[in-house]
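As structure tokens, the structure follows; a few thoughts come after it.
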Amino acid sequence: MSTIAQSGRDQWIADLCVHLADRAETAGWMVAVRHAGDSVTFDALTVSLNDYRRVVGTQGMSLESALTAALCTALPGLVALEPAEQARALTEIVGWLGREVPEPTVGRPALRSVS
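Going by numbering that gives the first Met the number 0, the letters in the sequence shown line up with residues 0 to 114, in that order.
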């Protein structure tokens with residue numbers, strides 16, 4: 000993955016985490032996501048995410064690592080899946096949680112016409 004694409008993904012994950020925190024403030028009791036009989040509220044997911052942010056931050060890991068760890072803790076059925084299935088499920092869950100979060104525009108050189 001290119002540096003530009005990863006930078007855009009990192010920004011989108013950061014925006015998603017802010018979105019989750021905002022939802023936790025206004026409707027923390029609501030279920031954020033369900034998977035295989037497990038569910039987690041916005042409040043519980045945000046608390047877990049913030050706890051993992053402290054851990055991964057000290058280890059130089061990404062915010063997406065904290066989100067993944069928080070989801071695996073909140074939805075224990077994910078841990079029992081085969082790795083490929085777990086990756087697919089996590090991709091779908093993160094996509095669902097971020098469905099209202101716009102993708103950031105990454106600074107790319109604009110094309111222009113010259114005559």
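Glycine included, each C-beta is placed from N, C-alpha and C at the ideal position.
Keep in mind that this is a model prediction, so the values were computed, not measured.
When the options are compared against residue i, the one with the closest alpha-carbon
i	options	result
A31	A83, Q58, L70	L70
W195	L15, T72, G7	Only positions 0 to 114 of the chain appear in this structure, which leaves residue 195 out of reach.
L44	L74, L62, Q58, G56	L74
V46	E84, P103, T72	T72
Assumed close pair residue i, residue j - CB separation to whole angstroms, cut-off 8 angstroms
i	j	result
H18	E99	7 angstroms
G27	D42	3 angstroms
Classification of residue i by the beta-carbon crowding that lies within 10 angstroms, buried from 16 upward
i	result
V54	exposed
V78	exposed
A65	buried
A23	buried
I3	Residue placement at I3 is poorly supported in this model, since its pLDDT is 47, which falls under 50; the coordinates still yield a value, given next. Burial call: exposed.
Distance, residue j Cα to residue i Cα
i	j	result
Q141	D37	Absent from the model: residue 141. The displayed extent of the chain is 0 to 114, so no value can be given.
G7	G97	14 angstroms
M29	A68	20 angstroms
S61	E81	23 angstroms
M0	E63	Confidence is the limiting factor: at M0 the pLDDT is only 46, short of 50, which leaves the residue's position unreliable, though a coordinate-based value still follows. The straight-line gap from Cα to Cα measures roughly 15 angstroms.
P101	G59	26 angstroms
I12	P103	10 angstroms
Q85	G76	9 angstroms
D21	A83	31 angstroms
G40	T25	The displayed chain sequence assigns Thr, not Gly, to residue 40. When rounded, the distance between both Cα atoms is 12 angstroms.
Closer than 7 angstroms to chain C by CB, residue i
i	result
R87	Although the question refers to chain C, the structure presented lacks it and comprises just one protein chain.
Point to revise | At least 3 beta-carbon pairs within less than 8 angstroms: the stretch 88-98 vs the stretch 46-53 | key: With the cut-off at 8 angstroms, the stretch 88-98 and the stretch 46-53 do not touch.
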